[in-house]
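Peer 1: The structure under discussion is supplied below as structure tokens; questions concerning it will follow.
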Amino acid sequence: METVMKAVLVAALAAFSLSGAALAQDETYVHPAQSEGADLPDGLAHTVFASGCFWCTEADFEKLDGVVEVVSGFTGGREESPDYYDVARGRTGHNEAARIIYDPSVISYDELLHHYWRNVDPFDDGGQFCDRGSGYAPGIFPVDAEQHAAAEASLQSVQALFDRPVIVPVRDLTTFWPAGIEHQDYYQTHPARYQRYRFGCRRDQRLRQIWNGVEEG
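Here it is in structure tokens:
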């Protein structure tokens with residue numbers, strides 16, 4: 042069922058992306074994703090998370106049952122059609138982020154939040170892991186009031202687990218701009234490069250250091 046739903050979603054997103062323009066020269070999409078989810082098939086929901094490199098965020102969430110698709114992109118900034126390299130250099134105010142499209146009858150937003158926290162360094166707002174700068178800063182971007190309340194409650198629950206400040210912000214979602222084709226499913230299209238990057242960045246080592254042995258209340 043999930044495979045069928047993903048095929049339907051891909052077709053819908055493709056039709057939306059191609060409805061008015063082709064890809065720009067830098068291969069970023071001209072049309073942003075609609076923050077209200079107007080491009081989603083019935084029965085699906087979405088949200089946006091930033092946890093550093095969007096290649097890793099995409100890989101971390103696409104393995105979950107109930108997650109139908111993850112799109113790498115940018116949010117949080119002011120400029121339209123942000124360029125990957127400008128975001129990485131902190132010139133646009135955007136974060137690298139991932140749009141999570143999911144089936145809420147299979148996985149809840151609270152479960153997505155739990156998975157998010159276990160895949161982010163909650164003490165680092167200057168980037169994440171080896172990627173430094175505001176473009177790699179973490180953040181939770183709810184798409185509606187219900188998600189916002191759940192995200193704030195989740196933040197408080199995580200803070201209760203630690204004696205030091207958790208500094209991942211819950212932010213209002215601005216336009217989400219999908220990144221170029223070359224960045225989508227990077228962990229699948231360039232598996233060797235991706236694994237070298239992830240290992241070299243010591244992402245998983247840092248996550249184990251933070252979260253192993255943490256007891257939840």
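Just so we're aligned: the sequence shown equals residues 42 to 258 in our numbering. Every residue, glycine too, gets a C-beta built ideally from N, C-alpha and C.
Could you have a look at Gly-208 and say whether DSSP puts it in helix, strand or coil?
Peer 2: The count along the sequence shown starts at 1 and reaches residue 208 at position 167. The sequence given here has Ile at residue 208, not Gly. Coil, per DSSP.
Peer 1: Can you tell me which of Thr-216, Leu-196, Ile-208 puts its alpha carbon nearest to the alpha carbon of His-156?
Peer 2: Numbered from 1 along the sequence shown, position 115 holds the residue referred to as residue 156. That would be Leu-196, whose Cα lies nearest to the Cα of His-156.
Peer 1: Quick one: Cα of Gln-250 to Cα of Asn-160, how far?
Peer 2: Position 209 of the sequence shown holds residue 250. Position 119 of the sequence shown holds residue 160. Their backbone Cα atoms lie some 12 Å apart in a straight line.
Peer 1: Using CA atoms only, rank isn't needed, just tell me which of Val-89, Arg-234, Tyr-126 is closest to Ser-175.
Peer 2: Translated into the one-based positions of the sequence shown, residue 175 becomes position 134. Checking every option, the nearest Cα to that of Ser-175 belongs to Tyr-126.
Peer 1: Taking the C-alpha atoms as reference points, what is the distance between Arg-140 and Asp-204?
Peer 2: On the sequence shown, position 99 is the one that residue 140 refers to. On the sequence shown, position 163 is the one that residue 204 refers to. Near 31 Å, if we compare the C-alpha coordinates of Asp-204 and Arg-140.
Peer 1: On the DSSP letters alone, give me the boundaries of the beta strand (DSSP E) that Glu-137 sits inside.
Peer 2: For the purposes of this step, residue 137 is identified with residue 96 of the sequence shown, where counting begins at 1. Segment 136 to 143, the beta strand (DSSP E) holding Glu-137.
Peer 1: Along the chain, where does the alpha helix (DSSP H) that runs through Ala-100 open and close?
Peer 2: Reading the sequence shown from its first residue, position 59 is the one you call residue 100. Taken as a continuous stretch (DSSP letters only), the alpha helix (DSSP H) holding Ala-100 covers 95 to 103.
Peer 1: Can you round the beta-carbon distance between Phe-182 and Gly-114 to whole angstroms, since I take them to be within the 8 Å contact cut?
Peer 2: Here the question's residue 182 lines up with position 141 in the sequence shown. Here the question's residue 114 lines up with position 73 in the sequence shown. With 8 Å as the limit, Phe-182 and Gly-114 do not qualify as a contact, their Cβ atoms being about 11 Å apart.
Peer 1: Which residues does DSSP list as the beta-bridge partners of Ala-191?
Peer 2: Here residue 191 refers to the residue found at position 150 when the sequence shown is read from its first residue. According to DSSP, Ala-191 bridges with nothing at all.
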